[in-house]
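Protein chains in written order, with the working numbering: chain A, 1 to 84; chain B, 85 to 356.
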């Protein structure tokens, strides 16, 4: 569990266009720069909304991150359906 | 010169990113009020705009999260969001006023951090897009941590605003002051889209009534429960109320806009 590192990755992608571009080009390579578990790596690489949310990523990191990966409001809501 | 203009506004990103998702009458009330405030701000001919705003992980992270930060840069860049449908801009700063405010704060018992490089996200860019077209007026951002606990208390935000207001009233410049954030919303959470209309109405009534003690009596837990993680942003409104003793608040619009997932309000302040 390395939520700090996972959130830091998303913070970098959200705020810095060069990080964002590198993540988009090769997410599997990009995530190697952070100390993440395999589960966290996979959630980030696949922009897995539900998994990232359950792992504890702050909602104001997660929603901008998913918006910049073209996840619609409807799909976002669907991904979180049934969660608290 | 005294403070020449003041307003408080919500900044839901849907206002520009997906305005068409909102019912027409609600969108027109909110965006029309934003345009009206923009006209009022321009008519007040400010030299500088002080923006009491919030942090959304655009600048600070958990390695260092200041309770209060005053920007001191010559310019700022934003928005960071590609999807906001607000053109990227370089926003001029007023480093001289920033430095004066910082000096005054530190000499008088307030210890904000300062930053010579800040990025603006929708929290600051969306209000500026409507209130400061072409970014003609230089901006001094005052950021409050309303993002992640522990946050400064409502009373501390009010007191900080009181101090800033006294300083700005004594400034050589004509200053517009805006606060931005709230009201109730749960952005990006499983409860995204929930709006607590009774909470919002009560908060606005208290603001308009001028009862400053009641306005700052909210606890962190109460705001968190009743107004959501995004509701903490009402601390910026409290700071602005502190800056404007004797002013009255005029509610221009309140609309609980579900597609924007926010209780949206716009308030103009008038010197009484």
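For each residue, glycine too, the CB sits at the ideal point set by N, CA and C.
Close CB contacts of residue 332 of chain B within its chain, under the 6 Å cut and outside five residues either way in sequence, are with 354 and 356 (chain order). Interface annotation, residue 2 of chain A: not in contact with chain B, CB-CB separation never under 8 Å. Nearest to residue 240 of chain B by alpha-carbon distance, out of B:286, B:302 and B:155, is B:302. Contact between residue 252 of chain B and residue 311 of chain B is ruled out by a C-beta separation of about 28 Å, above the 8 Å threshold. Counting C-beta atoms within 10 angstroms of its own C-beta, residue 269 of chain B has 16 or more neighbours from the protein chains shown and is therefore classed as buried. Listed by position along chain A, the residues whose Cβ is nearer than 8 Å to that of residue 145 of chain B are 7, 8 and 11.
Residue 198 of chain B and residue 181 of chain B do not touch by the CB rule: their CB atoms are close to 12 Å apart, not below 8 Å. Flagged as an interface residue toward chain B: residue 68 of chain A, by a C-beta distance shorter than 8 Å. Nearest Cα to residue 47 of chain A within the set A:3, A:20, A:61 and A:69: A:69. For chain B, the residues of the region 51–64 of chain A that bring a beta carbon within less than 8 Å of one of its beta carbons are 53, 58, 59, 60, 61, 62, 63 and 64, in chain order.
Annotation: Cβ neighbours of residue 271 of chain B in chain A (cutoff 9 Å, chain order): 59, 60 and 63. Secondary structure at residue 89 of chain B: strand, using DSSP grouped into helix, strand and coil.
Comparing alpha-carbon positions, the option among B:138, B:120 and B:115 lying closest to residue 319 of chain B turns out to be B:138. The C-beta of residue 44 of chain A comes no closer than 8 Å to any C-beta of chain B.
Secondary structure within the region 207–277 of chain B: the alpha helix (DSSP H) runs of 4 or more consecutive residues, fully enclosed, are 238–253 (chain order). Rounded to the nearest angstrom, the gap between the Cα atoms of residue 62 of chain A and residue 261 of chain B is 31 Å. Looking only at B:149, B:157, B:167 and B:160, the smallest Cα-Cα distance to residue 65 of chain A is reached by B:167. The region 96–112 of chain B and the region 286–301 of chain B do not touch, with fewer than 3 CB-CB distances between them shorter than 8 Å. Annotation for residue 175 of chain B: 159, 160, 162, 204, 212, 219 and 223 place their beta carbon closer than 7 Å to its own, counting only its chain and skipping 5 residues before and after. DSSP lists no bridge partner for residue 128 of chain B. Within the region 223–244 of chain B, contact with chain A at the beta-carbon level (separation under 8 Å) is assigned to 231 and 232.
For the 8 Å CB-CB criterion, residue 100 of chain B and residue 170 of chain B form a contact.
Put simply, the CB of residue 84 of chain A is near chain B, with a gap under 8 Å to one of its CB atoms. Between residue 40 of chain A and residue 6 of chain A, the C-beta gap is smaller than 8 Å, which places the two residues in contact. Bounds of the alpha helix (DSSP H) holding residue 30 of chain A are 27–30.
CA-CA distance, residue 192 of chain B to residue 144 of chain B, rounds to 25 Å. By the neighbour-count criterion, in which 16 or more other beta carbons inside 10 Å mark a residue as buried, residue 4 of chain A falls on the exposed side. Counted as a single uninterrupted DSSP element, the beta strand (DSSP E) harbouring residue 332 of chain B occupies residues 331–341. Beta-bridge analysis with DSSP links residue 177 of chain B to B:223.
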